[in-house]
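See below for the structure under consideration.
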Amino acid sequence: MIDKVDADIIISQGIQVQQNGMQQQQLIINPTKVMRSPYIPTALSLTITFVIIGLKNGEPHHLKVAIKHVETGYVVFSNDSDATAPTGTDNMVINADLKNIGFEHEGKYEVSLYIDAKGFFNTFYVLKKEK
């Protein structure tokens, strides 16, 4: 039995959901740690996948997601919501398919997920393409 909440955060270029009978298969497209653009500031599209375990089924939880530039603290995306873990599953998977998010600065970005005030983190980089 899993007695504590844990989560992984995956940054990718996209997600595709395929229906297979009564089940859904989620395909992560091009997982990445570095995203490049010819221009900074820029707008990029990306998908963030959260795989969460240890939530008590049927109980509500408060989730807060943010993406911020590590050096400046500038927040490029933020969302607060409440969710209830589905019954009959060990993994709760949440996808945030973000389109044309503005990145003002080159450098390291942090993705944070807070579940009832417990934090989980991952990082990625937005860099200018070299000529």
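Residue numbers (the numbering used here): 264 to 394.
Each residue gets a CB set at the ideal place from its N, CA and C atoms; glycine is no exception.
Review point. Are Q304 and E373 touching if we call contact CB-CB under 7 angstroms?
Key: Note on residue identity: the sequence assigns Pro, not Gln, to residue 304. It is not a contact, given that the beta carbons lie outside the stated cut-off.
**Study point:** Where L376 falls: helix, strand or coil (DSSP)
**Key:** Under the three-state reduction of DSSP, L376 is assigned to strand.
**Study point:** Sequence-distant residues of its chain with Cβ nearer than 7 angstroms to I265 (five each side left out)
**Key:** Only I316 and G317 meet the Cβ criterion.
Review point. Can you list, in chain order, the residues of its chain whose CB lies under 6 angstroms from that of T386, leaving out five sequence neighbours each side?
Key: Around T386: K371 and E373.
Exercise for review: Could you pull out every residue in the same chain whose Cβ sits closer than 8 angstroms to the Cβ of V268, ignoring the five residues on either side in sequence?
Suggested key: Around V268: I315, I316, G317, L318, I378, D379 and K381.
Check your understanding: From Y302 to H324, what distance separates their C-alpha atoms?
Key -> Cα-Cα distance, rounded: 39 angstroms.
Point to revise | Inter-residue Cα distance where the pair is L390 and N320 | key: In this model, L390 and N320 are separated by some 40 angstroms (Cα to Cα).
Review point. If I292 sits next to S275, beta carbons under 8 angstroms apart, how far is it from one beta carbon to the other, in whole angstroms?
Key: Cβ atoms of I292 and S275 come within 8 angstroms of each other, at about 6 angstroms.
Check your understanding: Going straight from the alpha carbon of F340 to that of K331, what length do you get?
Key -> A straight-line Cα-Cα distance of about 7 angstroms links F340 and K331.
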